[in-house]
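Order-wise, the sequence lines are chains A and B. At position 60 of the first sequence (counting the first as 1) the number is 68 in our numbering, and the numbers step up by one without a gap. At position 205 of the second sequence (counting the first as 1) the number is 213 in our numbering, and the numbers step up by one without a gap. The beta carbon of each residue, even a glycine, is placed where N, CA and C say it ideally should be. Remember, it's a predicted structure, so these values are computed and weren't measured experimentally. For reference, the structure discussed in these notes is given below.
Number of protein chains: 2
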Amino acid sequence: MAEREFAQRGFAGASLRRIGEQAGVSQAVIHYHFGSKEGLFQEIFLHRGRAIADERTTRLLRLRRERRKLTVEEIVRTFLQPAIDMKRDPDGAAFIRLQARMHTEPEEIGNVLRRQVFDVSTRLYVDALAEVLPQIPKPTLYFRMIFSVGAYLYAISDAHRLDEVSQGASDARDFDRLLDELVTYLGAGFSVPVRKSPPAARGHRSR
Amino acid sequence: MAEREFAQRGFAGASLRRIGEQAGVSQAVIHYHFGSKEGLFQEIFLHRGRAIADERTTRLLRLRRERRKLTVEEIVRTFLQPAIDMKRDPDGAAFIRLQARMHTEPEEIGNVLRRQVFDVSTRLYVDALAEVLPQIPKPTLYFRMIFSVGAYLYAISDAHRLDEVSQGASDARDFDRLLDELVTYLGAGFSVPVRKSPPAARGHRSR
């Protein structure tokens, strides 16, 4: 419930009074339990974020036990699935929006929490991808992981944008379709051989 | 200058008083010129956003005149270049952060402006991609355009995330490198043939 208030208004705009009203408790109760607005925000982020990160880790370990040799698409799908599943529940969906806006919140709030929650599982996935893509240098895989996180967060946190651009031809609320499209796109992006940009293209740079 | 205030604190958190102080003008002057905080926000978004959108359109038309047959990578590079260039100037960089958080701002502020500024040029690019990728259905190209916008906005609006995940092995502030990595990744994502997910992978879905 508080997820929705933070997701909609951001940290600065969120109001403990509104959160209390919607939850049917006084601000005093919220202060008693969480200390401050920042405390409540952290609690929510840690709770929901850890659920995604733990699920990612558990699923990857299970997949590794089941099969000797994984494909890039299997790894990518396993990474995406917990976030897509969370998106199906309204409070979960609000958390996804919250997560998408973390990188635009003041740094002191966002960076530490995000690192705490996601860094270990994300690096596990980069390591798993490095095993099946030994020809791709690790620094490039990190770039590609960041692109992939950006791609999925943007797509699932704002279905409107796809509606607008496609004028209704594509629907981001069809989560099975969205997941399939993401797996194919991310899989290709992770797997493509590294190449230098052609001299012709470089000539187009403005500086 | 006002870009930085909005980018840092979001619409709700931004203060006309602070913006006025930094610009050395009174709040009354700001109110006189822009009507309200929302008016100032719109003005900034329209000004900077249009600069990117216009540059994208101009460059695509120029490229089409120069060559008969374009590659996916050339189209993608032309799309990305104006945003990467804007990122090199501090107020421009603040606008990129602002743009990245648009999809998490209250809808009434964000959606209309964004549509007004970016829809035409973005559809022009999808059309150009559809020409060189006739085998990819248009609805899938729209999905891939949204993934691509998410990937580049996330990567250029928050260099910290790459530092954290890669533990310093990759540097998003090397803009030439970032652009090359983006072009390769997005190029592959746009071009990959459409395929259904394998039945085995579908079995892993939790619902």
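At least one C-beta of chain A is nearer than 8 Å to the C-beta of Asp-127 of chain B. With its beta carbon less than 8 Å from one in chain B, Lys-146 of chain A belongs to the interface.
Only residues of its own chain outside the window of five on either side were considered, and among them Arg-85, Leu-88, Gln-89 and Ile-92 have a CB closer than 8 Å to the CB of Leu-187 of chain A, listed in chain order. Rounded to whole angstroms, the separation of the alpha carbons of Glu-51 of chain B and Ala-15 of chain A is 25 Å. Residue environment analysis places Leu-194 of chain A among the buried positions, since at least 16 neighbouring C-beta atoms fall within 10 angstroms of its C-beta. For the set A:Tyr-162, A:Glu-29 and A:Val-140, the Cα lying nearest the Cα of Arg-76 of chain A is the one of A:Val-140. With respect to Val-202 of chain A, Ile-144 of chain A sits close: the two C-beta atoms are nearer than 8 Å.
Residue contact with chain B for Phe-155 of chain A: present (Cβ-Cβ distance below 8 Å to some residue of chain B). With at least 16 other beta carbons inside 10 angstroms of its own, Gln-107 of chain B counts as buried. The Cβ of Leu-141 of chain A sits no closer than 8 Å to any Cβ of chain B. Under the Cβ criterion of 8 Å, Phe-103 of chain A is not counted among the residues facing chain B. Within the segment 168-184 of chain B, those residues whose Cβ lies closer than 7 Å to any Cβ of chain A are, in chain order, His-168, Arg-169, Leu-170, Glu-172, Val-173, Ser-174, Ala-177 and Ser-178.
Remark: C-beta atoms of Leu-54 of chain A and Ile-38 of chain A do not approach each other more closely than 8 Å. Counting the other Cβ atoms within 10 Å of the Cβ of Thr-66 of chain A gives fewer than 16, which makes it exposed. Judged by DSSP in its simplified three-state form, Arg-203 of chain B adopts coil rather than helix or strand. The shortest C-alpha to C-alpha distance from Pro-142 of chain B to any of B:Tyr-160, B:Leu-78 and B:Gly-32 is the one to B:Leu-78. Taking the CA atoms as reference points, Leu-170 of chain B sits about 7 Å from Ala-180 of chain B. Look at Met-9 of chain A here: in three-state DSSP terms it is coil, with no helix or strand label.
With distances taken between CA atoms, Leu-69 of chain A lies nearest to A:Ala-136 out of A:Ser-174, A:Ala-136 and A:Arg-26. Taking 4 residues as the shortest admissible run, the segment 12-52 of chain A contains the following complete alpha helix (DSSP H) segments, listed from N- to C-terminal end: 24-31 and 35-42. The contact set of Arg-203 of chain A on chain B, defined by CB atoms closer than 7 Å, consists of Thr-192 in chain order.
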